[in-house]
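Take a look at the structure below.
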Amino acid sequence: MKNNTNKVNYFSRTYLFLVILSTSALLTANTAAVKTIAVLGLSLPAGVIVFPISYIIGDALTEVYGFKKARLAIYLSFFANLFFSVTLAIAQKLPAASFWQQQEAFDSILGQSFRILLASFSGYLFGSLLNSLIMVKLKKVTKKKLLWLRTIASSILGEGVDSFLFVLVAFLGIMDRQALLAMILSQWLFKVSYEILITPLLYLAINKIQDIESQSVQKK
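The numbering of the sequence shown is the numbering used here, which starts it at -2 and goes up by one.
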């Protein structure tokens, strides 16, 4: 892999674009999670179709920019999601106009419970940070080689923590242990499989990002 990004501007356009894309994926996933879908016999929140993108971008950010910048991106996405959720909660509580008859639909789709939000926030924050940290540690161990192994291994652990925390915080006491375990395993399996399938594209993306940043540095 090319590695000419030591002089990359902290807030380069490419970095900002990736942060925005990651944040958008997280917001979309949390909104879509209201719906439960069936995939190969598994019941999953609809958000899983886009949520793994935030981890894939996290892998790219960690590989190209390092842990500190990847961590900043995670924090920015986290607080953007928090702002989004708080704003919706306030909007939900505000009195509706007399002619507006969609309050029930609004509450059903966007009025997620505090418990679900806490589950989402804790799962994403700890899972994403662990994912990036493991990527960095493995990069040293493998001497910057075996990117596929680093991304998959970090996702196995990061996505595992994310799925475990989300399901546990959101549904403990509501679902029995067997159902909890089944949901944790199904989400984890889907997300990790997603990461494995998209690994070739991740290689291409990282090479492209490094090329763009290298050219940007050379122009300065």
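Cβ coordinates follow ideal geometry from the N, Cα and C atoms, glycine included.
Which of helix, strand or coil does DSSP assign to Pro49? Taking the first residue of the sequence shown as position 1, residue 49 is located at position 52. Helix.
Whole-Å CB distance - Leu199 paired with Ile53, under 8 Å assumed: One-based indexing of the sequence shown puts residue 199 at position 202. One-based indexing of the sequence shown puts residue 53 at position 56. Right, the Cβ-Cβ distance comes to about 6 Å (below 8 Å), so this counts as a contact.
State the DSSP-derived secondary structure class of Val166, mapped to helix, strand or coil. The sequence position of residue 166 within the sequence shown is 169, counting from 1. Three-state result, Val166: helix.
Do you know whose CA, among Leu41, Val61, Leu23, Ala26, lies nearest Ser211's CA? The count along the sequence shown starts at 1 and reaches residue 211 at position 214. The option with the nearest alpha carbon to Ser211 is Val61.
Alpha-carbon to alpha-carbon, Ala70 and Leu13: What you label residue 13 is simply residue 16 of the sequence shown in a count that begins at 1. What you label residue 70 is simply residue 73 of the sequence shown in a count that begins at 1. Taking the straight line joining both Cα atoms gives about 9 Å.
Quick test of your reading: Ile149 and Thr196, contact by CB under 8 Å. State the CB separation rounded to the nearest angstrom. Working through the sequence shown from its first residue, we reach residue 149 at position 152. Working through the sequence shown from its first residue, we reach residue 196 at position 199. The Cβ separation is near 7 Å, so the contact holds.
Taking contact to mean 3 or more Cβ pairs, one atom from each stretch, closer than 8 Å, check whether the stretch 91 to 101 and the stretch 22 to 40 are in contact. no
For Val164, which residues from the same chain have a beta carbon less than 8 Å from its beta carbon, with the 5 sequence-adjacent residues on both sides left out? What you label residue 164 is simply residue 167 of the sequence shown in a count that begins at 1. For Val164, where only same-chain residues beyond five positions count, the Cβ hits under 8 Å are Ala116, Leu177, Met180, Ile181, Gln184.
How many Å lie between Leu130 and Gln100 at the Cα? Working through the sequence shown from its first residue, we reach residue 130 at position 133. Working through the sequence shown from its first residue, we reach residue 100 at position 103. Those two C-alpha atoms are separated by around 43 Å.
Alpha carbon to alpha carbon, what distance is there between Arg112 and Ile171? Along the sequence shown, one-based indexing puts residue 171 at 174. Along the sequence shown, one-based indexing puts residue 112 at 115. So the alpha carbons of these two residues sit roughly 12 Å apart.
To which residues of the same chain is Asn6 closer than 6 Å at the C-beta, ignoring the five residues directly before and after it? For the purposes of this step, residue 6 is identified with residue 9 of the sequence shown, where counting begins at 1. Confidence at Asn6 is low in this model, with a pLDDT of 49, below 50, so the placement of that residue is unreliable and no value is reported for it.
If we ignore side chains and look at the alpha-carbon of each, how far apart do Asn204 and Gly55 end up? Taking the first residue of the sequence shown as 1, we reach residue 204 at position 207. Taking the first residue of the sequence shown as 1, we reach residue 55 at position 58. When rounded, the distance between both Cα atoms is 15 Å.
Residues in the same chain with beta-carbon distance under 6 Å from Ser160, minus the five sequence neighbours each way, listed in chain order, please. Your numbering for residue 160 matches position 163 in the sequence shown. Ile181, Gln184, Trp185, listed in sequence order.
Sub-8 Å separation of Val133 and Phe64 beta-carbons: Taking the sequence shown and counting its residues from 1, the one referred to as residue 133 is at position 136. Taking the sequence shown and counting its residues from 1, the one referred to as residue 64 is at position 67. For Val133 and Phe64, yes; Cβs fall inside 8 Å.
Check each candidate in Lys137, Lys188, Tyr121 and name the one with the smallest Cα separation from Ser74. Stepping through the sequence shown from its first residue, residue 74 is reached at position 77. Of the candidates Lys137, Lys188, Tyr121, the one whose C-alpha sits nearest the C-alpha of Ser74 is Tyr121.
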